[in-house]
Amino acid sequence: MDVIGLRREREVLTVALQTDRHVVLEGPPGTGKSTLLRSIAADVGTEVVFVEGNAELTPARLVGQYDPSAVMTDGYVPTSFTDGPLLTAMRGSGLLYLEELNRIPEETLNVLITVLTEGEIAVPRLGRVRAAAGFRLIAAMNPFDAIGTARVGQAIADRMCRVVLGYQDADAERAIVSQVTGADPRLVVLAVALVRATREHRDLRTGSSVRGANDLVLLLDGLLRMRGEELVDGRGTVRDALHAALSGRVKVVDGVDRTPEAVLDQILDDLWPADAPPPEEQEDEERDPGKAEGPQAQQPAGPDSPSSSSRDRKNAQRSRSTPRQQLRRQHEQFDQVSPEVGELDEGAFSALLAERPDEAAALLADLGRATDRELRAAAHRLARRVFVQVARVGTTRSRGTRRLVPNRRADGDLDLDRTLDRWTGQWPPAAEDLVTRTWTGHRRAVCLVVDASGSMQGLGVAIAAVAAAGVVLAADEKLTTSVLSFAGDVTELQPLGRRVPPEELVGRLVSLRGHGMTDLAGALRAARLQLAPAVVDERVVVLLSDCLHTAGAPPESALTGIDTLHVLCPLPTEEAEDAARALAARGAGRAEMVRTVTDTGPALTRLLG
C-alpha cells in the first residue's frame, strides 16, 4: 500500500536509517507506523524481520536457541542452533521491526542493550555474533494504551531516536480509506468525519483509528446494498454500521456513566441530525447555496423517475437545515454569537442568555439545525449544558409518601369538578367521563410526549429540551419516566425505565426537525403502550404540544389506558390554549401554558409534584 502523507516522518526515518540510527516509532494505532517502515524498506531493498511484542517474548525466542534433538545428536555446535528473529536480522543485513515495544518483558529488552550499542551479542555456547552492515532496530509502540504495558527503561530509550506519529489530516485519511475500500466518496467522507469526531469527544479516552473508518465504510456499503437504501435515506443503517465498527474501538473515560454506543449516537446526532441531509451535502449547500441552479438542476425528473422520490426526500430534508443567511435574518444576535463560519462564541452567548434568556434559548435551538456543520456541533454541545442546567434549576422533588390523586378508574371518591369538566352532557354519564380521587403511594410512570411537527421551532424546541431534561432529572424509585417525540410517526427517545443521561436526551431533542402532520391520537396510543408494562399506581402522560391535531383521529379518542393526561402548551395562541385546556380536562389532568424557557421547569414541577 502506498504511504499517504507522513512526508516529514518519512524523511526523518529515512535519514535515521541512512546514518545507522536505531529508531522507535511512537503513536496511536492506525497512524501508519508499519506501513511507513515497510515502504521505506522496499525503496532501499532491505528485508524486514517482523516480531510481535508481547509478554510471551522471552530472550530465547528473540535471540534463538539450540534445537534439543540436534544437540542430542551432534552436541552444542553452530548447526544445532536455530536463529531467532534478532540473529536473523543481524546476520542478514536486515531491519528488525519490534512491534509493541512497551509490551515486551524487561529481561528481553535488556538483551538489546549491547546490540544497540556495540552491534554484537554474546550467545552462550554459540559465541559472539556481530551484526552485518545495514542492521537496524526499528521499534513501534502505542504510548496511550495502559493495559499490559510497561515503561521502556532509560537504557533502551537512550540508545534510540524517537519519531512521533499522529493522526493525519482529514484529506489524507479520506485518501487512505478510498485506497483501501474503493467505496463511494460520500461514504468515505461520512466515515472519516465520524471517526475523527471520536478522537475529540470529551467522554472518550481513546478514539478510533483510520482502520475504524475502513471497517465503517465497508459495513455501511454492504448494509445499504442489502437493504436497498440510498445514503440520504439510510441514517438508521449508518447507526447500525457505526456501532458495529467503532463501539469496540473507542474507550469511555473512567467515571463517565455512558456506553460507547450512547457516545457514538451523540456524535452521529452532532454530525448528521435526524431528518437533515448527510454531512457532505450540508457542506456543499453551505459552501455554494446557489449551485442547484446549474444545468443539472434544470433537468426535469418526472414522477415515474426512479430517483424522484429519493430526490424529493433529500430536498425536504435540506429544507429543514438552516443556512447562515436565514439564521441571520431570524436572530438579531446571530453575528455576535457566530461571527465566523463554524464558530460559536460562548462568551457572547452567555451574555445574551443573562440578558434575554428566551432569545438566547431560541437562537441556540436554531443553531442546532444550522447547515454549517461545525457550528451545529458546537451548538449541540452547548445546548446539552445550558438546557440541562435550566432544568436543574426549575425542578424539585415532591415530598410525602401518600397523596390524593385523580384517576379514571372506578374506585375512590367522585371528583365532581373534574367530572363536570369532562362531561359531554349525555345522561347518564359514560364511565370514561367519571374522575375519582384515591389515596396512592405515588408510584407513577410518566411518559413525556413531545410534539415535533412543523410548529416546533426555535424557542419551542428549547422548551421541549428543558422539559425532557426535567423529566429525566425527576425520576427516582417512585417515578419511572420515558420520552417520545411525534409528528406523523412516533420516535422513542428514552424507553420506559431505561435511564438516558439528560445531556444526551437534550442532544436528541435539539436534533429534531419540525416537520410533518400532528397526529395527537397516534402519539397518545404510543404513550399508552409505553406505559402499559409498568407496575405502578398511576400512568401519566405529559403532552408537550399546542394540541391542534392535523392528522389521525380526535385525540380524546385515545385516552383509554392513561390515568392522567397533563398538557404543557408551549408559546400558546388563544386557539392552542383552548385546545390544550379541553384535552387536559378530558384526560383528568391540568394544562400549563409555557411562554418562556424559564417557565418550563416550574410548570413541570406543578404537574408532577
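Per full-length UniProt numbering, the very first residue in the sequence shown carries number 1; after that it's consecutive.
By construction, the Cβ of each residue, glycine as well, lies at the ideal position given by its N, Cα and C atoms.
- In this structure, Ser-545 and Ala-521 do not form a Cβ contact; the two beta carbons are roughly 12 Å apart against a cut-off of 8 Å.
- As for any beta strand (DSSP E) of minimum length 3 sitting wholly inside the region 533-609, the runs are 538-544, 564-570, 591-594, ordered along the chain.
- Along the length of the region 72-157, whole alpha helix (DSSP H) runs at least 4 residues long occupy 85-91, 106-110, 112-118, 154-157, reported in chain order.
- Within the region 182-213, the runs of alpha helix (DSSP H) at least 4 residues long that lie entirely inside it are, in chain order, 185-198.
- For Val-63, the enclosing alpha helix (DSSP H) stretches over residues 59-63.
- In the structure shown, Ala-452 falls within a coil segment according to DSSP collapsed to helix, strand and coil.
- Measuring C-alpha to C-alpha distances from Glu-107 to each of Glu-99, Ala-213, Val-152 identifies Val-152 as the nearest.
- Counting other Cβ atoms within 10 Å of its Cβ, Asp-519 reaches 16 or more and is therefore classed as buried.
- Residue Val-164 holds the alpha-carbon nearest to the alpha-carbon of Glu-11 among Glu-492, Ile-121, Val-164, Ala-55.
- Listed in chain order, the non-local C-beta contacts of Ala-139 below 6 Å within the same chain comprise Val-24, Leu-98, Leu-101, local neighbours out to five positions each way being set aside.
- With contacts defined by Cβ atoms closer than 8 Å, Asn-214 and Thr-181 form a contacting pair.
- Measuring C-alpha to C-alpha distances from Ala-133 to each of Gly-92, Ala-172, Ala-155, Met-141 identifies Gly-92 as the nearest.
- DSSP places Thr-518 in no beta strand (DSSP E); its state is neither H nor E.
- A straight line joining the alpha-carbon of Arg-258 with that of Arg-186 spans about 30 Å.
- In the three-state scheme derived from DSSP, where H, G and I count as helix and E and B as strand, Ser-482 is classed as strand.
- By the 16-neighbour rule on beta-carbons within 10 angstroms, Ser-69 is exposed.
- Distance from Ile-463 to Val-597 at the Cβ level is roughly 6 Å; contact confirmed, criterion being Cβ atoms closer than 8 Å.
- A direct Cα-Cα distance of roughly 16 Å separates Lys-478 from Val-541.
- Using a Cβ distance threshold of 8 Å, Val-217 and Ala-193 do not count as a contacting pair.
- DSSP places Gln-325 in the uninterrupted alpha helix (DSSP H) bounded by 324-330.
- The DSSP-derived three-state label of Leu-6 is coil.
- A Cβ-Cβ contact shorter than 8 Å links Val-510 with Ala-365.
- Only buried fits Asn-142, as 16 or more other CB atoms lie within 10 angstroms of its CB.
- Apart from the 5 residues on each side of it in sequence, Val-123 sits with its Cβ closer than 8 Å to the Cβ of Val-63, Gly-64, Phe-81, Leu-87, Val-129 in its chain, given in chain order.
- Leu-165: not part of any alpha helix (DSSP H); DSSP gives it neither H nor E.
- Our two residues, Arg-384 and Glu-504, have alpha carbons roughly 7 Å apart in a direct line.
- In the structure shown, Gln-333 adopts coil according to DSSP, grouped into three states.
- For Ala-551, the closest of Val-449, Asp-489, Val-446 by C-alpha to C-alpha distance is Asp-489.
- Residues Arg-205, Thr-206 of the same chain have their beta carbon placed closer than 6 Å to that of Lys-251, with the five preceding and five following residues left out of the count.
- Out of Ala-591, Ile-562, Asp-563, Thr-564, the CA that lies nearest to the CA of Ala-576 is found in Ala-591.
- Taking C-beta atoms as the reference points, Arg-581 and Asp-563 fail to come closer than 8 Å.
- Within its own chain, the residues whose Cβ lies closer than 6 Å to the Cβ of Leu-352, once the five positions on either side in sequence are excluded, are Gln-333, Ala-360, listed in chain order.
- The shortest CA-to-CA distance from Thr-117 to any of Gly-127, Ala-468, Asp-158 is the one to Asp-158.
- Trp-272 counts as buried, since at least 16 other C-beta atoms from the protein chains shown sit within 10 angstroms of its C-beta.
- With 16 or more neighbouring CB atoms inside 10 Å of its own CB, Tyr-167 falls in the buried class.
- Pairing Leu-583 with Leu-608, the inter-Cα distance amounts to about 18 Å.
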